[in-house]
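Here is the structure we will look at, set down as structure tokens.
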Ligand SMILES: [Zn+2]
Ligand SMILES: [Zn+2]
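Residue numbers (the working numbering), protein chains in the order written: chain Z, 490 to 690; chain G, 490 to 690.
Right, here's the structure in full:
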């Protein structure tokens, strides 16, 4: 395959996907070219379209195709509560419980000092600005619920945010430890997440 | 994420990759959009380019960008030997040994009756036509080496090809089964040892 330039480039490009090694990439390239070229072209279009259309919500920072995402625009939601999650999959898990009616802030990451990921990398200032925004002269957000994952990095992230917000006099709660320690929200059953919401401290 | 059309379409498109479930697809889409849009656009181009450029070698059926692949064009190779493999990765493994100097035929699949994959699906007729090609009034291929995998499906494929070729009076051999180099007998499975005994030289 060494002389097969396009195929080699495709294998290399597929390796940039998370969790895909050289064997998987070869298997994927082989499968697409042999059995599913329509799927390959479909994927190419989906990649280009998403890169062009998907941006971040001005208010909650999650992925959206609009200036402000549908959740933040929803007038039925309680604007005094702001739930902080690591990523959109965690937000989806919380939404599926049906137990939360406030707004979200999606960090799109977590603090990870060992990997050199600091407050600036996950845009914590954006979160603080969001909380400090005044509506009719007062803070709209009255409670911040920290729903980062119950991993070492998620706990660190929650701790740092909690310290910064307490200094601001904002009411900060954390999901209850009904969620098994060491696990990631998107893999936890919905009932557990719902209880953890109700028991938040 | 339900209202996020481009993102949803990207997740669905990624799921067409072999071995990628909905969780992996979400993780990939998230990673690309958050951390590597350049990689996403690069992958899109690589997919389109490979689909446009990669075709099958007229002689050996492997992936190539030319009418006839570099291996089949190589005048230093022994044209009287034809090694039959399941896919390009198997061909690469044989090439890396440096022990084979003949030509190849790449099935791009294997017989799998249980999955409904029959002789037509892997183009066996193309292999037989290749072998029956006359050069100066005689068959150029004098030995066919069956190097399909030593799995149930690979063995079935080898068996079917061997039967068809013996009826044509072509000399057919099979890679030897035996104890892997560097292994100790007590850790080798009994079926392998039994075959190594039968195939002893
Ligand atoms: Zn939003
Ligand atoms: Zn060829």
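Even for Gly, the Cβ is constructed at its ideal location relative to N, Cα and C.
Practice item. Quick one: list the residues of chain Z neighbouring residue 533 of chain G, beta-carbon separation under 7 angstroms, in chain order. Key: As a first step, residue 533 of chain G is located in the second chain; it is residue number 44 there, counting from the start. What residue 533 of chain G touches in chain Z: 533, 536, 537.
Point to revise | Cβ-heavy atom distance, residue 546 of chain Z to ligand 1, below 8 angstroms | key: For the purposes of this step, residue 546 of chain Z is identified with residue 57 of the first chain, where counting begins at 1. Annotation for residue 546 of chain Z indicates a beta carbon within 8 angstroms of some heavy atom of ligand 1.
Point to revise | residue 637 of chain G burial status per 10 Å Cβ neighbour count (16 or more: buried) | key: Walking along the second chain from the start, residue 637 of chain G turns up at place 148. Only buried fits residue 637 of chain G, as 16 or more other CB atoms lie within 10 angstroms of its CB.
**Study point:** Alpha-carbon spacing of residue 584 of chain Z relative to residue 562 of chain Z, whole angstroms
**Key:** On the first chain, residue 584 of chain Z is found 95 positions in, with the first residue counted as 1. On the first chain, residue 562 of chain Z is found 73 positions in, with the first residue counted as 1. Distance between the alpha carbons of residue 584 of chain Z and residue 562 of chain Z is about 15 angstroms.
Practice item. Report the three-state DSSP secondary structure of residue 513 of chain Z (helix, strand or coil). Key: Within the first chain, the letter at position 24 stands for residue 513 of chain Z. Residue state, collapsed to three classes: helix.
Check your understanding: In three-state terms, what does DSSP make of residue 627 of chain G?
Key -> Position 138 of the second chain holds residue 627 of chain G. Strand, per DSSP.
Check your understanding: Cα separation between residue 547 of chain Z and residue 527 of chain G?
Key -> The residue labelled residue 547 of chain Z in the question sits at position 58 within the first chain. The residue labelled residue 527 of chain G in the question sits at position 38 within the second chain. Approximately 22 angstroms between the Cα atoms of the pair.
Check your understanding: Okay, do the stretch 492-504 of chain G and the stretch 515-529 of chain G touch, 3+ Cβ pairs below 8 angstroms being the bar?
Key -> Because the criterion of three Cβ pairs below 8 angstroms is met, the stretch 492-504 of chain G and the stretch 515-529 of chain G touch.
Review point. Does any C-beta atom of chain G lie closer than 9 angstroms to the C-beta of residue 608 of chain Z?
Key: If you number the first chain from 1, residue 608 of chain Z lands on position 119. Chain G contact via Cβ: absent.
Point to revise | With 16 other Cβ atoms within 10 Å as the buried cut-off, status of residue 556 of chain G | key: Along the second chain, read from residue 1 onward, the residue named residue 556 of chain G stands at position 67. Residue 556 of chain G counts as exposed, since fewer than 16 other C-beta atoms from the protein chains shown sit within 10 angstroms of its C-beta.
Point to revise | Members of the stretch 572-601 of chain G that neighbour chain Z once the beta carbon cut-off is set at 7 angstroms | key: Look at the stretch 572-601 of chain G: the residues with a C-beta under 7 angstroms from a C-beta of chain Z are 576, 577, 578, 581, 597.
Check your understanding: Less than 9 angstroms separating the beta-carbons of residue 608 of chain Z and residue 639 of chain Z?
Key -> Position 119 of the first chain holds residue 608 of chain Z. Position 150 of the first chain holds residue 639 of chain Z. One thing to note: residue 608 of chain Z has its Cβ no nearer than 9 angstroms to the Cβ of residue 639 of chain Z.
**Study point:** residue 540 of chain G Cβ short of 8 angstroms to ligand 2 heavy atom set
**Key:** Taking the first residue of the second chain as position 1, residue 540 of chain G is located at position 51. With a cut-off of 8 angstroms, the C-beta of residue 540 of chain G is classified as distant from ligand 2, since no heavy atom of the ligand falls inside that distance.
Exercise for review: Give the straight-line distance between the Cα atoms of residue 541 of chain G and residue 564 of chain Z, rounded to the nearest whole angstrom.
Suggested key: Numbered from 1 along the second chain, position 52 holds the residue referred to as residue 541 of chain G. Numbered from 1 along the first chain, position 75 holds the residue referred to as residue 564 of chain Z. Roughly 48 angstroms separates the two Cα atoms.
Practice item. Spatial neighbours of residue 684 of chain Z within its chain, please: CB distance less than 6 angstroms, with the 5 preceding and 5 following residues excluded, ordered by chain position. Key: Counting from one through the first chain, the residue named residue 684 of chain Z turns up at place 195. Annotation for residue 684 of chain Z: 667 place their beta carbon closer than 6 angstroms to its own, counting only its chain and skipping 5 residues before and after.
Check your understanding: What in chain Z is Cβ-close to residue 542 of chain G, meaning under 7 angstroms?
Key -> Walking along the second chain from the start, residue 542 of chain G turns up at place 53. 495, listed in chain order.
Exercise for review: In the DSSP assignment, find the beta strand (DSSP E) that holds residue 639 of chain Z and state where it starts and stops.
Suggested key: Here residue 639 of chain Z refers to the residue found at position 150 when the first chain is read from its first residue. For residue 639 of chain Z, no beta strand (DSSP E) run applies, since DSSP gives it neither H nor E.
Practice item. Taking residue 645 of chain G and residue 600 of chain G to be in contact with their CB atoms under 8 angstroms, please state how far apart those CB atoms are, rounded to whole angstroms. Key: Sequence index remark: in the second chain, residue 645 of chain G carries index 156 (1-based). Sequence index remark: in the second chain, residue 600 of chain G carries index 111 (1-based). 5 angstroms between Cβ atoms; contact.
Practice item. Can you have a look at residue 495 of chain G and say buried or exposed, based on whether 16 or more other CB atoms are within 10 angstroms of its CB? Key: Along the second chain, one-based indexing puts residue 495 of chain G at 6. Buried is the call here.
Practice item. For chain G, find out if any of its Cβ atoms is closer than 9 angstroms to the Cβ of residue 503 of chain Z; answer yes or no. Key: Position 14 of the first chain, counted from the first residue, corresponds to residue 503 of chain Z. At a cut-off of 9 angstroms, the C-beta of residue 503 of chain Z has a neighbouring C-beta in chain G.
Review point. Name the DSSP beta bridge partners of residue 601 of chain Z, please?
Key: Along the first chain, read from residue 1 onward, the residue named residue 601 of chain Z stands at position 112. Z/606, per the DSSP bridge assignment.
Exercise for review: Kindly indicate which three-state DSSP category residue 546 of chain Z falls into: helix, strand or coil?
Suggested key: As a first step, residue 546 of chain Z must be located in the first chain, where it is residue number 57. Coil.
Practice item. Kindly indicate the opening and closing residues of the beta strand (DSSP E) around residue 591 of chain Z. Key: Residue 591 of chain Z sits at position 102 when you count from the first residue of the first chain. It spans 591-595 - the beta strand (DSSP E) in which residue 591 of chain Z sits, taken as one unbroken run.
Review point. Do you know how far the Cα of residue 616 of chain Z is from the Cα of residue 590 of chain Z?
Key: Position 101 of the first chain holds residue 590 of chain Z. Position 127 of the first chain holds residue 616 of chain Z. Their Cα atoms are separated by approximately 19 angstroms.
**Study point:** C-beta contact flag for residue 580 of chain Z and residue 553 of chain Z at 9 angstroms
**Key:** As a working note, residue 580 of chain Z is residue 91 in the first chain. As a working note, residue 553 of chain Z is residue 64 in the first chain. Result no, Cβ atoms of residue 580 of chain Z and residue 553 of chain Z do not sit closer than 9 angstroms.
Review point. Just to confirm, does residue 622 of chain G get its C-beta within under 8 angstroms of one of the non-hydrogen atoms of ligand 2?
Key: Numbered from its first residue, the second chain carries residue 622 of chain G at position 133. No, since every heavy atom of ligand 2 falls outside the 8 angstroms radius drawn around the Cβ of residue 622 of chain G.
Check your understanding: Using a C-beta cutoff of 9 angstroms, does residue 614 of chain Z count as contacting chain G?
Key -> Counted from its first residue, the first chain places residue 614 of chain Z at position 125. No, no contact with chain G.
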